[in-house]
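Written below as structure tokens is the structure these notes are about.
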Amino acid sequence: MTDGSAGPETIETSGEHAEKTPGLVAAFRSMEVDTRLIGMLGALAVIWISFHFWSGGTFLTPRNLWNLSVQTAAVAIMATGMVLIIVSRHINLSVGSMLAVVGMLMALLQAEILPDLLGFDHPLTWIIALIIGIAFGAALGAFQGAIIAYVGVPSFIVTLGGLLVWRGVAWWMA
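Count along the sequence shown starting at 1, add 2, and that's the number in the working numbering.
What follows is the structure, encoded as structure tokens:
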């Protein structure tokens, strides 16, 4: 209900059919938009526009945006998984090395192991390599998680050791 008075959040229009319309500030507050998010999006827009001008107009092209989205997909997936770890007040330093060892395993499966077993042109080679890679990554994470949860070793120590071990295993596989 309205009482007919114009408060600081309303603007009364002039004329015979005067009605109250919400002000810009009131409309913005009613959307419940996080102002920090708007600030980050504004900063991102400034960075993108700067890169676009510095690159001679090649940054904000559909081809480049497609390449950026493809190249950052793995990092985005890992960052999404890291949210749960960070929210639970832990840390995982070995996530990059685990990605490297799982990637090397999948590459070896697709290039050397599965073609010898199934034939070079088998249509399920990449699917089998993907399933084995996901299972191996889950097993590595479960192994480190079990050491943290059941043995009681701090996550910093376990994942720092995992970083060194999995990096070495990836180097050995290469």
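Just so you know, even glycine gets a beta-carbon here, dropped at the ideal spot from N, CA and C.
Problem set entry | Contact under 8 Å by Cβ, Met181 with Ala131 | As shown, the chain starts at 3 and ends at 176. That puts residue 181 outside it, with no answer to give.
Problem set entry | Selected residue, minimal CA-CA separation from Ala137, among Leu101, Val27 and Val153 | Leu101
Problem set entry | Val155 to Gly147 span [Cα, whole Å] | 10 Å
Exercise. Between which two residues does the alpha helix (DSSP H) containing Asp118 stretch?
Worked result: Leu116 to Leu120
Exercise. Going by the CB atoms, is the gap between Val160 and Ile149 shorter than 8 Å?
Worked result: yes
For this session: Over the uninterrupted alpha helix (DSSP H) stretch that includes Thr37, give me the two end residues.
Result: Thr37 to Trp56
Exercise. Is DSSP giving Asn66 helix, strand or coil here?
Worked result: helix
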